[in-house]
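Residue numbers (our numbering): 7 to 252. Every residue gets a Cβ at the ideal spot worked out from N, C-alpha and C, and that includes glycine. Every value quoted in this text rests on a predicted model; they were computed, and no experiment measured them. All remarks here apply to the structure that follows.
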Ligand SMILES: *Cc1c(COP(=O)(O)O)cnc(C)c1O
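Structure below.
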């Protein structure tokens with residue numbers, strides 16, 4: 007049973023890396039230009055350990071408490087942790103303790119809280135701006151119309167280092183339907199850089215999941231976030247992690 011579990015993760019990972027490599031080849035991109043982030047919500051620490059032992063380095067979670075527990079259980083391992091869920095302001099302290107990047111920054115009250123805490127701690131934090139590229143489909147992420155004002159305002163906060171943009175895209179059965187979402191995110195990044203609103207280095211595009219990572223890579227993803235295709239189906243509905251109520 008345990009062996010089978012490990013074996014499945016190993017085979018799934020190898021398959022995902024093949025898919026990523028293929029997509030890069032077709033898009034004429036270097037394989038090293040796209041990183042794999044393991045989306046590990048609901049995955050037990052042992053599962054994550056298997057993946058890290060196989061060479062994976064980047065893990066993302068949606069809930070701070072779950073992240074902290076697993077991080078503590080895996081404290082003997084070296085890997086990078088990014089927060090990819092809806093971050094409540096009362097979880098900022100934990101987030102700063104456990105993660106090296108918050109990909110889901112999507113509102114000013116969160117920015118202010120992060121800045122306040124970082125000032126106290128005398129340090130900075132990497133962030134990405136989460137954009138809602140699918141409009142009514144999701145309540146999370148900034149409206150694309152508001153993004154440029156938002157990142158202009160971010161300039162005043164020395165404590166926050168903008169690394170790029172994140173989106174979840176449209177939840178669709180068909181990968182092709184999500185393409186406009188991903189294209190929109192790339193356009194936002196390109197325009198933000200051209201207009202000098204963010205630095206040239208803030209070029210990360212975190213987009214693409216199990217079902218559509220090829221489309222995301224074609225549209226310029228620098229990081230794909232994959233869960234199900236590596237660790238299997240989740241027992242909780244995703245609405246548990248992305249609740250209707252904000
Ligand atoms: C769960 C999740 C993923 C991964 O989704 P899969 O379809 O399981 O690959 C990616 N990004 C976010 C923000 C998630 O919550």
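Could you tell me the alpha carbon to alpha carbon distance between residue 18 and residue 147, rounded to whole angstroms? The alpha-carbon atoms of residue 18 and residue 147 are separated by roughly 30 Å.
Please state whether the Cβ-Cβ distance between residue 66 and residue 79 is less than 8 Å. no
The alpha helix (DSSP H) with residue 94 in it runs from where to where? Careful: residue 94 lies outside any alpha helix (DSSP H) and carries neither H nor E.
Classification of residue 60 by the beta-carbon crowding that lies within 10 angstroms, buried from 16 upward: So residue 60 counts as exposed.
May I ask you to list the residues that DSSP assigns as paired with residue 210? 170
Alpha carbons only, please: which of 51, 57, 229, 221 is nearest the one belonging to residue 32? 221
Proximity to residue 207 [Cα-Cα], best of 171, 240, 153, 72: 171
Cβ shell of residue 74 (< 7 Å), same chain only, five flanking positions each side left out: 100, 104
Do you know how far the Cα of residue 12 is from the Cα of residue 152? 44 Å
Kindly indicate which three-state DSSP category residue 185 falls into: helix, strand or coil? helix
Heavy atom of ligand 1 within 7 Å of residue 47 beta-carbon: yes
If we count the other Cβ atoms within 10 Å of its Cβ and call it buried at 16 or more, is residue 21 buried or exposed? exposed
Nearest CA to the CA of residue 118: which residue from 212, 163, 28? 163
Can you tell me which of the three DSSP states residue 251 falls into? Reliability fails at residue 251, whose pLDDT of 48 lies under 50, so the model's placement of it is uncertain and the value that follows must be treated cautiously. DSSP places residue 251 in coil when its eight states are reduced to three.
Run through DSSP, which three-state label would residue 56 get? helix
Which residue comes first and which comes last in the beta strand (DSSP E) that contains residue 133? 131-136
So residue 137 and residue 191 are supposed to be a Cβ contact under 8 Å. How far apart are they, rounded? 6 Å between Cβ atoms; contact.
Sequence-distant residues of the same chain with beta carbon closer than 8 Å to residue 157, five excluded per side: 135, 168, 198, 203, 204
Compare the C-alpha of residue 217 against each of 242, 210, 175, 196 and name the closest. The shortest CA-to-CA distance from residue 217 to any of 242, 210, 175, 196 is the one to 175.
If you run the structure through DSSP and keep just helix, strand and coil, what is residue 49? coil
Of the choices 42, 166, 219, 85, whose alpha-carbon is the least far from that of residue 110? 166
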